[in-house]
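A quick write-up on the structure given underneath.
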Amino acid sequence: MSLKFYRRVAFGLSPNEKQDKDPLNWALNQLNSIPDLLWPGTIPTEKELRKKYGEWVYGDREVLRKKFKNDKNAYKKAKDELRIKTGERYFELNEHAIRHYQTRHSTQPVFERFWLFWGNHFAISEKDFLAEFSTGPYQREIIRPNMVKTFEEMVLSVTTSWCMIHHLDNSESFGPNSKKGMEWRETINENHARELLELHTVSPNAGYTQEDVIQLAYIMTGWSHKWSRKNLETGDVWFDQEMHQKGDKIVLGVKYKNDAKRELAKVIHDLATHPICIKFISTKLCRHFITDEPTQEMISPVIEAWNRSNGSLTEIHKAVITQAYKYNETTHKFHPPEIWLMQLSRMFDLSIPLSAKKMNYAFKSKPTSKQRQLSWILREIGNSPYRAKQPNGWSDFEIDWVSPELLLRRFWFASIELPILVKSENNSHDFIIACLKNNFEDYENMASLIHQFRFGTSDKDLGRKYGVICNLPGVLKV
Amino acid sequence: MNCTRRNFLIGGSTTLFLSGYFPKISSASMKKKNLIIISLRGGMDGLTAVPVIGDKRLKKLRKKLILEDVLKLNSDFGLHPKLEIFYKLWEKNQAAFVHATNIPYTGRSHFDGQNLMETGAHIPYKEKTGWLGRGLLASNIIGQGLAISLPMPLLLRGVPQNNNFFPSPDFVETKLIDQIYSEFKGEHNELIKSTLDTIRQRPLSMQIATDSDDRKKLALEAAKQLKDQSGPRVAVFDLDGFDTHTAQGGVDGAHADELEEVNGIVTILHENLGKAFDNTLILTLTEFGRTIKQNGGYGTEHGYGSAILMAGGLLKKSQVYTDWPGLKKKELFEGRDLNSTIDSRAVYNSAMSVCFNQDPEYLRKEVFWGDELADLSQELFKI
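Residue numbers (this note's numbering), protein chains in the order written: chain A, 1 to 478; chain B, 1001 to 1383.
In structure tokens form, the structure reads like this:
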């Protein structure tokens, strides 16, 4: 069986990992439980980080802007100090470290690939200070624990999470006939309702209308952050009855009786078990692991597993992996930059991320350039994971990732930055060959390619070797 | 399955090219004309950029989004104060606006809308190429599209060998690419291979490292390239952040910040294109406008009709070109959005016909499937 399966469904094999006699079972066995987060450094809770978010926005908006309204420079200085004190420049770096440490060291790398998938399916795009404080913990505390539950449970968790509610403005959505809506002459904000339909569950294939979006927005009114003078928008999520639209609602032809906070779980049940939703998400899963345009034949067993297990994500994941295994030899899949980086990190045992000790932060000065390194690389290769441009997350299509500049940046990383990340004990030609042997059937061809170019032994030539190897067709794609 | 899109991109174009399908044009002897598109993602609010000052209803519906210091264009329309370069150019007949216009898309999804503003089609995700890419292909202009963004925008797809400029922090040795180029074999590697081709043919000035976070530096390089008689003829900028559901603001605020970005790019292009600005058209593109009424968060919701901001020496005159639909409730689209009375694709089709020296009828058929699109080149552009 081809070694590329380990890269198709995971991150390749590190120098101390060997291929398994039964790769399919190796992969399937990783999906039953949630592996612990391995990062030895600090892993702050979502609530702690939300508190920091609150300190930052309150301090800036309510204190500094007022205090220094006539002194731009003093304001700037005070704001920079507040950034340091609240970790505004730090926590995202720490989240990237947690994420990449996990994909580098997890003994359940296949599970981790699904973690990345779901975090991107329920993407939080760049908005306000979400990437700085909230998107990372959302991935850890909302996405991850739900990965052994049902899809429906995952959707409900995501929809009522502070991060998603803030991301898609649901706290600004008032039922026009609700107490507050009438008092303040406010109305709905459709953003969250539309994305719940379009991106998270049934997709436009379900043929919903503008009226369906409005009705779903009505159901969702009231699910909001608890506002307070001190915490501003960073209070816990609750159901505010006084914002909720009264009356029955109809979404996709189904009537939801006036039932306050219980309406949401009911509509999510119907959306998350809708056949068009099941097909849409099954297709996305196959696209991620098999090929850009998966065939009906590839997708069907995933849909069957979904129906058989009533949406158990463990069973769905197993069906996807079984299909990925089945089509491993006959399909090709191009990997986006972050997964490529994670694979290089694992295959070549790179020192990414920085050690937990060095990532430690005292909230006294700006994060160091070393602490910023991984996040900087991610941004430069075009794939900073918690900063998708739009709520539909990062694309899973090759065509969106192949442009002169994006490819050049892979050469840039592999030939210039990667060599700095190779551990000193691994700084040899033999090490490269051993890693290739561990991960590629045609490692001899790859080795002879380096040989042909007559690279020398200087640091620069080592960089050139990596630059060439990491961008070979079989490395960019499985 | 996997190869259909690629076939169209590479195989398809080559076949068409070889079969002599294209009308012969002698573009070499003509002065090079540049077409620059600035994508404004998120839904640009035409009524914030070009407010209708002649209609009191707007102020009433947007109590918290009132604009002060509006630059007056005529008795009916004003200009957002952050768009000062457009005002400067307006006075020289080098800025104009099309108002109450949009692509023929009335859904309110960003993703569907942006897909359609780029493909120019009617069904989201159905077409895999952009109208600009197809226009270039139909005009036999190959390898002269430049995107100022990291990914290649859909808008430019459909013609091979486009370039993009968004430099990495260090110089990359392109000889590394030469060394593995021949390894990219088989149909499934075609797309990467043709992209590597483009890199290998890049001009030297594009191989330098610069700060890609600085849009102004990028605009500067784009201007340099576009000025070059043998350089690219088409450039695409990509801006986002126009989706202002909350805190949209008036003179300052979220929407104003974005308009300021547009203003900055156009300013740099104007300053650095020099005489080439006379042979240039700059047009904005967005997926939809925003609701007339402000929402609960002092922002606006996804709407329909918007505006196109235009600059460049190829404009006929300064004007707000519109068939104004009105702001009375019954005049609004679905009672909430500014209506669109001009299919914006007609503007883009006419602009391409002017810049690519093509018959608009021919482009309409080749690029927009023969859809009913008025030829506006006489009204809007110098021909």
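C-beta: ideal position from N, C-alpha, C; glycine also.
Three or more C-beta pairs below 8 Å linking the stretch 309-328 of chain A and the stretch 400-414 of chain A = At 8 Å Cβ cutoff, the stretches do not touch.
Check your understanding: With DSSP run on the structure shown, which of helix, strand or coil describes A/Trp238?
Key -> strand
Could you check whether A/Tyr386 and A/Thr150 sit closer than 7 Å to each other, using their CB atoms as the reference points? no
- Message: With H, G and I counted as helix, E and B as strand and the rest as coil, what does DSSP make of B/Gly1011?
- Response: Note that B/Gly1011 scores a pLDDT of 30, beneath 50, so its modelled location is shaky; the value from the coordinates is reported in the next line. Three-state DSSP puts B/Gly1011 in a helix.
*Euclidean distance between Cα positions of B/Ser1013 and A/Trp340*: Since pLDDT at B/Ser1013 reaches only 33, below the 50 mark, its modelled position is unreliable, and the value read off the structure follows with that caveat. The straight-line gap from Cα to Cα measures roughly 31 Å.
Point to revise | Residues of the stretch 174-207 of chain A whose Cβ lies closer than 7 Å to any Cβ of chain B, in chain order | key: Phe174, Glu186, Thr187, Asn189, Glu190, Asn191, Arg194, Glu198 and Pro204
Notebook entry, point to check: Quick one: Cα of B/Arg1215 to Cα of B/Phe1166, how far?
Noted result: Their Cα atoms are separated by approximately 9 Å.
Let me check you understand the geometry: is the CB of A/Asp349 closer than 6 Å to at least one non-hydrogen atom of the ligand FAD?
With respect to the ligand FAD, the structure offers nothing, as it holds no ligand at all.
- Query: Who are the near neighbours of A/Lys226 in its chain, counting only those whose CB is closer than 7 Å to its CB and skipping five residues on each side?
  - Reply: Gly235, Asp236 and Trp238.
How long is the line joining the alpha carbons of B/Ala1351 and B/Ala1276, rounded to whole angstroms? 16 Å
- prompt: Per DSSP, which one or two residues make a beta bridge with A/Phe481?
  reply: The requested residue 481 of chain A is not part of the displayed model; chain A covers only 1 to 478.
- [ ] For A/Ser228, decide whether its Cβ has a neighbour in chain B, counting only Cβ atoms nearer than 7 Å.
- [x] no
*asked:* Counting only C-beta atoms, is B/Lys1024 closer than 7 Å to chain A at any point?
replied: Summary for B/Lys1024: the model assigns pLDDT 39, below 50, so the residue's position carries little reliability, and this model does not support an answer.
Applying a beta-carbon distance threshold of less than 8 Å, which residues of chain A neighbour B/Met1310? The contacting residues do not exist; B/Met1310 stays about 25 Å from chain A at best.
Residues of chain A with a CB under 9 Å from the CB of B/Met1044: which are they? None at all; the shortest Cβ gap to chain A is about 15 Å.
Checklist entry - Taking the Cβ atom as the reference point for each residue, do A/Val148 and A/Val9 lie within a distance shorter than 7 Å? => result no
*asked:* If you reduce the DSSP assignment to three classes, tell me which class A/Met342 lands in.
replied: helix
Need the endpoints of the beta strand (DSSP E) that B/Asn1034 sits in, please.
Asn1034 to Leu1040
Q. Buried or exposed: where does B/Leu1362 fall if 16 or more other Cβ atoms within 10 Å of its Cβ makes it buried?
A. For the record, residue 1362 of chain B in the displayed sequence is Tyr; it is not Leu. Classification of B/Tyr1362: exposed, given that the 10 Å Cβ count is below 16.
- Mapping DSSP to helix, strand and coil, what is B/Val1052? strand
Tell me which same chain residues have a C-beta within less than 6 Å of the C-beta of A/Thr368, skipping the five on either side of it?
Correct list: empty, nothing qualifies.
Can you tell me the Cβ-Cβ gap for A/Phe174 and A/Ile188, rounded? I've got them flagged as a contact below 8 Å.
-> 7 Å
Query raised in the report: Expressed to the nearest angstrom, what Euclidean distance is found between the alpha-carbon atoms of B/Glu1173 and A/Tyr466?
Result: 13 Å
Item to complete: Going by CA-CA distance only, name the one from A/Leu232, A/Asp248 and A/Phe114 that's closest to A/Asn32.
Response: A/Phe114
Original post:
Looking only at C-alpha atoms, which of B/Phe1097, B/Arg1364 and B/Tyr1105 sits nearest to B/Gly1043?
Top reply: B/Tyr1105
How is A/Tyr500 classed by DSSP in three states: helix, strand or coil? Any answer about residue 500 of chain A is impossible in this case: the structure gives chain A only from 1 up to 478.
Subject >> Whole-angstrom C-beta distance between B/Thr1341 and B/Asp1359, which should lie under 8 Å >> reply: No, B/Asp1359 and B/Thr1341 are not in contact; Cβ-Cβ is about 25 Å, not under 8 Å.
**Prompt:** Identify the residues that DSSP records as bridge partners of B/Tyr1362: which are they?
**Reply:** Answer is none; B/Tyr1362 lacks a bridge partner.
With a threshold of 7 Å between beta-carbons, can A/Glu329 be considered close to chain B, or not? No, no contact with chain B.
Requested in this report: For B/Ile1199, return the contacting residues in chain A, with the cut-off set at a CB-CB distance below 8 Å.
Outcome: Pro404, Leu407 and Leu408
A/Leu472 versus A/Glu183, A/Leu449 and A/Leu462, residue with shortest Cα-Cα distance: A/Leu449
With 16 other Cβ atoms within 10 Å as the buried cut-off, status of B/Pro1023: For B/Pro1023, the predicted structure reports a pLDDT of 41, less than 50, and the residue's modelled location is therefore unreliable. A value from the coordinates is still provided. Result: exposed.
Closest by CA to B/Leu1132, which one among B/Leu1380, B/Gly1370, B/Asn1162 and B/Phe1171?
B/Asn1162
Q. Among the residues of its own chain, which have a CB less than 7 Å from the CB of A/Tyr90, if the five just before and after it don't count?
A. Tyr361 and Pro367
- When the Cβ atoms of the stretch 343-350 of chain A are set against those of the stretch 296-308 of chain A, are three or more pairs found closer than 8 Å? no
- Task: Counting only the same chain and skipping the five closest in sequence on each side, list residues whose C-beta sits under 8 Å from that of A/Lys79.
- Result: Asp60 and Leu64
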